[in-house]
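Each residue of the sequence shown is one higher than the last, beginning at 25 in the numbering used here. Please read the structure below before turning to the comments.
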Amino acid sequence: MRTPAGPKPVARYLAERQTARYILVVELFMCMELALADTIIRALPVTTSGATQQSTDSVVLESVTKHFRHRPAFFNWISREQSGETHALKEVTLHVERGKVLVLLGPNGSGKTTTLKLISSMLLPDSGRVLVEGADTSSQAAKARKHVGFAVANERSFFPRLSARENLDFFATLEDVPRKLRPERIEALLEQTGLIDAAHMLAMKFSSGMYQRLGIARALIKQPAVILLDEPTRSLDPAATSRLWDLGRGLAAQGATVILATHNFQEAAAVGDFVAVLRCGQLVAYRRIGKAYTEELRSLYFQTTGEPDAEQMARSHG
């Protein structure tokens, strides 16, 4: 390559080289943008006939299996107890729509609580996947957890020397509820759960039913999209039970997804839009609640639990 002679050819040569550099940089950025756009497009869900269903499903379980390995303790080892596995869930598939109440119905040990813990990301599936508002609980646990409020059966996380209102304010802070919204939201939850008259009472003085209602209020403090209730009426009197049923239906009417675990068929029929019957970790029935299915679910429930149907026995004895 010949060296340009004279001031003008040298200036032109340098300008051309500078222009070539700019063009190279622009082309490089264009390639990077195209690569980024291609990555984003590949990550987007493919539009298919099932896209509408995916958008309406708040909670999805796809072929979920969960088992627990247990080993005997030292003294059990002396008594020759063997280790083993408990299959809590076996290939369970569920789709729960937004704004609906799903009741997990089944006897003790059927897998109801395990299902709730998997949805809340407290447990991870051994196979299959769990989606909460589109977030995978295995790979996006933090994102999925933001959408979930969980009232466990035996709530023991409250501070005994704080009042009901102070406990709710503490947990509202943990859930990043804005300070300006906390007082009004706490008052509303105390009213809805029937604890407004006990708002200043220390938690250590609460009965089991009051403690359970406080746990439900805590689950609702961040206004979650998915509400999980594990046997919420076990310690409640009839009036509090009716209030809770009304609260659950009201939350669903506002667009929340409510999943309630119970072994009480009457409760399932009273509050649920859909019922999933579990037996030994397997999904044995999934039905919409309605006149056409009530008797079928009643029969299936008692076949599942093995409990005697007192109402049917009364009818047969006239």
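All C-beta atoms, glycine included, are put in the ideal place defined by N, C-alpha and C.
- A straight-line Cα-Cα distance of about 15 Å links Gly296 and Tyr325.
- Going by C-alpha positions, His111 is about 8 Å away from Thr89.
- The continuous stretches of beta strand (DSSP E) do not include Leu238, which lies in the alpha helix (DSSP H) extending over residues 232-244.
- Looking at the DSSP output, Val201 shares a beta bridge with no other residue.
- DSSP, reduced to helix, strand and coil, places Phe195 within a helical segment of the structure shown.
- Looking at the DSSP output, Leu307 sits in a beta bridge with Leu302.
- Taking 8 Å as the cut-off, the beta carbon of Thr286 is found closer than this to the beta carbon of Leu129.
- Residue nearest to Asp254 within the set Leu192, Pro131, Phe183, Glu190 is Pro131 (criterion: CA-CA distance).
- Looking at the DSSP output, His91 bridges to His111.
- Take the alpha-carbon of Val125 and the one of Ala293: they are about 11 Å apart.
- Of all alpha-carbon atoms in Met146, Glu157, Tyr235, Gln164, the one lying nearest the alpha-carbon of Arg189 is that of Tyr235.
- Judged by their CB atoms, Leu302 and Lys136 are nearer to each other than the 8 Å cut-off.
- Taken atom to atom, the span from the alpha-carbon of Arg311 to that of Met228 is near 41 Å.
- Taking the C-beta atoms as reference points, Val154 is found no nearer than 8 Å to Thr281.
- For Thr161, DSSP records no beta bridge to any residue.
- For Ser266, the three-state secondary structure derived from DSSP is helix.
- Taking every protein chain shown into account, the CB of Thr257 has 16 or more other CB atoms within 10 angstroms, so this residue is buried.
- The residue from Phe230, Ala276, Glu208, Ile240 with its alpha-carbon nearest to that of Phe298 is Ala276.
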